[in-house]
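>
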Amino acid sequence: MASTDDIIIVKNVSKFFGKVQALRNVSLTVKRGSVVVLIGPSGSGKSTLLRCMNHMEIEDEGEIWVDGQRLSRDEKIINQVRADIGMVFQHFNLYPHLTVLQNITLAQRIVRKRSQEEAETIAMEQLKRVGIAEKAHNYPAQLSGGQQQRVAIARALAMKPKILLFDEPTSALDPEMIKEVLDVMLDLAKAGITMVVATHEMGFARAAADEVHFMDEGCIVESGTPEMVFDHPRFERTRQFLSQIL
Ligand code: ADP
Ligand code: MG
């Protein structure tokens, strides 16, 4: 019997894109309030796994449970799950023709049915939290990459999600901007937000992760604390990968 502490349960999930098998019998659980980091080479299935967790992709085999609810193709359930799970992407995905504030209020109004006033209040709170309230009336193109990514995080937070998924949130950033985004993510981790993060930022993983999963060719090869996986990897494939990124 699964514990109710497990906010995400992925059970024997496989996913195919035509002949390509992106996920091979993947199982993992995410405890409420924990931080889980996914590492692995490009093409190993990290994004697909994250996207299955909020049903941007639907698994072909296996089961995914989020907060006690089995994900299905039922549109009502999918919409509810997507509203409850925020996602932050590598390329920010802000609307270029909307201001920062409008970017953050849009989904709140449509999905959460909040009034403009309430949505703006919450947007400003979250912009303060990520340290860029003064950019509320700017357009994304007027912001640095690090600032845009912090807006994307504020946008996700404004939905008051149960879980935040991050897909390589710093890999499109110039080196000098990586820290400002990781610092925000560390604050969220300390605040007890459940997070699943695909990243190769070892410093972040060591500081924030409760559990690290190393993926290769659609499989979870090994899992453990950051110390276990980074300092005492059990498998040659993990060692090889770590030697390339460290
Ligand atoms: P990662 O995020 O670890 O780089 P992905 O989950 O993006 O890995 O990709 C896993 C595998 O699935 C790769 O072989 C990739 O080419 C394939 N794949 C991912 N998304 C699609 C898609 N929409 N259509 C076809 N193949 C895809
Ligand atoms: Mg990816």
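Per UniProt numbering, the very first residue in the sequence shown carries number 1; after that it's consecutive.
We put the beta carbon where it would ideally sit given N, CA and C, even for glycine.
1) Using only the heavy atoms of the ligand ADP, determine whether one of them is closer than 6 Å to the beta carbon of V20.
2) Across which residues does DSSP place C219 in a beta bridge pair?
3) Determine the direct distance from the alpha carbon of E134 to that of V13, and round the result to whole angstroms.
4) Alpha carbons only, please: which of E61, V229, M53 is nearest the one belonging to S78?
5) I'd like the span of the beta strand (DSSP E) that includes L23, first residue to last.
6) May I have the straight-line CA-CA distance separating V243 from G192, to the nearest angstrom?
7) For the ligand MG, is there a heavy atom less than 6 Å away from the beta-carbon of S47?
8) Quick check on this structure: which residue in E57, A22, R51, S27 has the alpha carbon closest to the alpha carbon of G45?
9) Can you tell me which residues form a DSSP beta bridge with K15?
10) Is the segment 141-153 close to the segment 70-77, with three or more CB pairs under 8 Å?
11) Just how far apart, CA to CA, sit D5 and I64?
12) With a Cβ-Cβ cutoff of 7 Å, do V30 and I7 count as a contact?
13) How big is the Cα-Cα spacing for K113 and T194?
14) Could you tell me the boundaries of the alpha helix (DSSP H) in which residue 248 lies?
15) Could you tell me which residues DSSP puts in a beta bridge with I8?
16) Determine the direct distance from the alpha carbon of G43 to that of G218, and round the result to whole angstroms.
17) Which residues does DSSP pair with V37 in a beta bridge?
18) Determine the closest residue to E180 out of K190, V130, A154, A152, with distance taken between C-alpha atoms.
19) With DSSP as the reference, identify every bridge partner of V111, one or two as the case may be.
20) Mind pulling the alpha helix (DSSP H) runs of 4 or more residues that sit fully within the segment 103-149?
21) Would you mind stating whether G62 and F214 have Cβ atoms separated by less than 7 Å?
22) How long is the line joining the alpha carbons of A83 and M159, rounded to whole angstroms?
23) DSSP on G86, reduced to helix/strand/coil?
On the basis of the data shown:
1) yes
2) D216
3) 43 Å
4) Note that residue 78 corresponds to Ile in the displayed sequence, not to Ser. Among E61, V229, M53, the Cα nearest to that of I78 belongs to M53.
5) 20-31
6) It is Ser, not Val, that sits at residue 243 in the sequence shown. When rounded, the distance between both Cα atoms is 31 Å.
7) yes
8) A22
9) L23
10) no
11) 15 Å
12) yes
13) 24 Å
14) Outside the modelled stretch of the chain, which goes from 1 to 246, sits residue 248, for which no answer is possible.
15) V30, V66
16) 8 Å
17) V197, V212
18) V130
19) Beta-bridge pairing links V111 to no other residue.
20) 116-129
21) no
22) 7 Å
23) strand
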